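Let me begin by presenting the structure, written as structure tokens, before commenting on it.
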Amino acid sequence: MKNRERPRVVIAGLGDTGVLIAGRLARSCDVVGISTRPALVSGQELGSRLTNFEQWRQSYFLPFGQFKKLDRVTMIHGRVGEANLEKQTVLIELADGSRTTEHYDIFIIATGSTNGFWRHDRLEQLNEVEAELDAIAKQIKGAKRFAIIGGGPTGVSVADNVARSGTTDVHLFYSGDLLLPGYHPKASRWISHVLTNDGVTLHPHHRAVVPEHFNGEKLTTDPVEWSTEQPPFHADLTMWAVGKIKPHSDFLPANVLDEDGFVRVDPTLRVDGYQNVFAIGDVAASDPNHSSARNWGWRVVVANVRSQLSGNGRRPKRFTAPRNRWGSIVGLQRDGLVVVQPNGKRFRVPHFVAATLLVRLFIHRYLYGGLRKK
Ligand SMILES: Cc1cc2nc3c(=O)[nH]c(=O)nc-3n(C[C@H](O)[C@H](O)[C@H](O)COP(=O)(O)OP(=O)(O)OC[C@H]3O[C@@H](n4cnc5c(N)ncnc54)[C@H](O)[C@@H]3O)c2cc1C
2 MKNRERPRVV IAGLGDTGVL IAGRLARSCD VVGISTRPAL VSGQELGSRL TNFEQWRQSY
62 FLPFGQFKKL DRVTMIHGRV GEANLEKQTV LIELADGSRT TEHYDIFIIA TGSTNGFWRH
122 DRLEQLNEVE AELDAIAKQI KGAKRFAIIG GGPTGVSVAD NVARSGTTDV HLFYSGDLLL
182 PGYHPKASRW ISHVLTNDGV TLHPHHRAVV PEHFNGEKLT TDPVEWSTEQ PPFHADLTMW
242 AVGKIKPHSD FLPANVLDED GFVRVDPTLR VDGYQNVFAI GDVAASDPNH SSARNWGWRV
302 VVANVRSQLS GNGRRPKRFT APRNRWGSIV GLQRDGLVVV QPNGKRFRVP HFVAATLLVR
362 LFIHRYLYGG LRKK
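Going by this note's numbering, the final residue of the sequence shown carries number 375, and the count climbs one at a time with no gaps.
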């Protein structure tokens, strides 16, 4: 550690996990947060983001100035271009086109992954984020027939939310028998009923021909062709949610990445071979589902950074993930919020309780540490 009063923690990426960690470490460390946008633009709940933007933005699109806990964090609007893990420096490409270098004592990698058009690593201003979100929502609203390719949580969530909004004929295509791979089979069966009841037409056993060099980064209008030999499908608009996930890790040396580009970590979420570097969230190879974001990995990182810096000799906290994925799939609806558990069971939180206890108390107050009005 350099001879400074407070240790310097640099966090690459202030998305869902980076924000939670930055605020908590800022009490005892000099925290520098590097963010591609001047706001939290969460990757969660794409379905409600596209159909009920005003509700979604109250928890998931928040300028950093609203977070009380981030007051003590030095915010840098930029993108990490290169990290030198031996010299403990990161080179940052700033939003104004210039470059700067930061030294760290602890480095936390929370840069997420690209997953279609909604989670990317481009530098953006607030008005650009707003314009982009608005344009996509309008495109979907204007489509009479909407096709979604992919039966994972994203495809399912968008299909259900668009169908519930009642103006669009929604078709969901997936290559296997069951929706929601990675979830408990009970969850897959349940969601098929929900979607059918809400008016989504399900098309199992359809494997789409994905255009070359295309990762679902935009909505398309061409007919969709199938390698499973069904006739092409014509929709006004098609969304691709085919799981072509690409971790944002180009700025790291190859020796810390697995064959798919995810950051190799041990159970304490430390990057293999580097005691003072941690990785968390969608970029981290913490478990087969890369699920440390929703499974409280941020608590593991906060505890382990604190104990490393204080030298209290406590045994490091370890991250464990349930075998099956879990969570809210279609988001908060008029009839409440259904949460699917790892064992496939589910519970429903009534709308009023979810909106007050979960959103205001749990997310805004506990997770974010209090939000200012805009
Ligand atoms: C409390 C909590 C609850 C959750 N609940 C659910 C749930 O119920 N259902 C569900 O499906 N999922 C849930 N999730 C998980 C969620 O879907 C994703 O896993 C989560 O959005 C990933 O967070 P992240 O921080 O890894 O990435 P992101 O939120 O995508 O943030 C990464 C950020 O880093 C930026 N970045 C990329 N490259 C660079 C670079 N080179 N330099 C600087 N910045 C960069 C990106 O632009 C982005 O802003 C939950 C997550 C949390 C934290």
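Even for Gly, the Cβ is constructed at its ideal location relative to N, Cα and C.
Given the structure is predicted, the values throughout are model-derived calculations rather than measurements.
Can you tell which of G274, F174 and E131 has the C-alpha that lies nearest to the C-alpha of F147?
When only C-alpha atoms are compared, the closest one is F174.
Taking the alpha helix (DSSP H) that V130 falls in, what are its first and last residues?
Here the alpha helix (DSSP H) through V130 covers L127 to G143.
Rounded to whole angstroms, what's the CA-CA distance from V11 to G200? Just pull it up for me.
One C-alpha to the other measures close to 47 Å.
Determine the contact status of V1 and I150, defining contact as a CB-CB distance below 8 Å.
Since the displayed the chain opens at 2 and closes at 375, residue 1 lies outside it and no answer follows.
Do you know whose CA, among T90, L368, L253 and D283, lies nearest D273's CA?
D273 has its Cα closest to that of L253, out of T90, L368, L253 and D283.
Distance check for D336 and Q309, CA to CA, integer angstroms please.
Computed Cα separation, rounded: 45 Å.
Regarding D283 and ligand 1, is the C-beta to nearest heavy atom distance less than 7 Å?
Yes; taking the cut-off as 7 Å, the Cβ of D283 has a heavy atom of ligand 1 nearer than that.
Quick one: what's got a C-beta closer than 7 Å to K145's C-beta in the same chain, skipping five residues either side?
So the qualifying residues of the chain are T169, D170 and D237.
Are the region 355-362 and the region 189-198 touching, with three or more C-beta to C-beta distances below 8 Å?
These segments do not touch.
Considering only their Cβ atoms, is the gap separating G332 from G382 smaller than 8 Å?
The requested residue 382 is not part of the displayed model; the chain covers only 2 to 375.
Cα separation between K88 and F62?
Going from the Cα of K88 to the Cα of F62 covers about 35 Å.
Of the residues H352, L92 and G117, which one's Cα is nearest the Cα of T221?
Among H352, L92 and G117, the Cα nearest to that of T221 is on G117.
Judging by CA-CA distance, which residue of D251, I35 and P268 is the nearest neighbour of E125?
Looking at the Cα atoms, I35 is the closest of the given residues.
Pairs of beta-carbons, one from the region 126-143 and one from the region 260-280, closer than 8 Å: are there three or more?
Cβ pair count under 8 Å is below three, so no.
Report yes if the C-beta of V130 is less than 7 Å from at least one heavy atom of ligand 1; otherwise report no.
Every heavy atom of ligand 1 is 7 Å or more from the Cβ of V130, so no.
Going by the C-beta, is F118 closer than 7 Å to any heavy atom of ligand 1?
False, no ligand heavy atom lies under 7 Å from that Cβ.
May I ask which residues mark the beginning and end of the alpha helix (DSSP H) holding H194?
Residues P186 to N198.
Should R361 be counted as a contact of ligand 1 given a C-beta to heavy atom distance under 7 Å?
Answer for R361: no, Cβ out of range of ligand 1.
Taking 7 Å as the cut-off, is the C-beta of L21 nearer than that to any heavy atom in ligand 1?
Correct: L21 has its Cβ closer than 7 Å to ligand 1.
State the beta-bridge partners of W241 as determined by DSSP.
Per DSSP, I150.
Under the rule that 16 or more other beta-carbon atoms within 10 Å means buried, what is G177, buried or exposed?
That one is exposed.
Return the CA-CA distance between K3 and T52, expressed in angstroms with no decimal places.
Any answer about K3 is weak, because its pLDDT of 48 lies below 50 and its placement is not dependable; what the coordinates show is given next. Straight-line Cα distance between these residues: approximately 49 Å.
Smallest Cα separation from V340: which of W191, D267 and P205?
The residue with the shortest Cα to Cα distance from V340 is W191.
Helix, strand or coil for A255? Go by DSSP, reduced to three states.
Helix.
Of the residues R9, G19, R7 and P8, which one's Cα is nearest the Cα of I281?
Nearest option by C-alpha distance: G19.
Using only alpha-carbon positions, find the residue among A188, E218, L179 and H249 that is nearest to H204.
With distances taken between Cα atoms, H204 lies closest to L179.
When we look at the beta-carbon of F108 and count the other beta-carbons within 10 Å, is it buried (16 or more) or exposed?
Per the 10 Å Cβ criterion, buried.
In the structure shown, what three-state DSSP assignment does W227 receive?
It is a strand residue.
May I ask you to report which of helix, strand or coil DSSP gives G82?
G82: strand per DSSP, three-state reduction.
From S287, G143, R295 and H207, pick the residue whose C-alpha is nearest to that of Q342; which is it?
Of the candidates S287, G143, R295 and H207, the one whose C-alpha sits nearest the C-alpha of Q342 is R295.
Who pairs with D122 in a beta bridge, going by DSSP?
Answer is none; D122 lacks a bridge partner.
Would you kindly check if the distance between the Cβ of A322 and the Cβ of W290 is under 8 Å?
Residue identity check: residue 290 is Asn in the sequence provided, not Trp. Going by C-beta atoms, N290 is nearer than 8 Å to A322.
Going by beta-carbon coordinates alone, are L41 and F65 separated by less than 8 Å?
Cβ atoms of L41 and F65: closer than 8 Å.
Below 8 Å on the Cβ atoms is my guess for R165 versus Q334; work out the distance and round it to an integer in Å.
At roughly 7 Å, the Cβ-Cβ gap stays under 8 Å, so R165 and Q334 are in contact.
For ligand 1, is there a heavy atom less than 7 Å away from the beta-carbon of L15?
Answer for L15: yes, Cβ within range of ligand 1.
Report yes if the C-beta distance between D17 and Q45 is below 8 Å; otherwise report no.
For D17 and Q45, yes; Cβs fall inside 8 Å.
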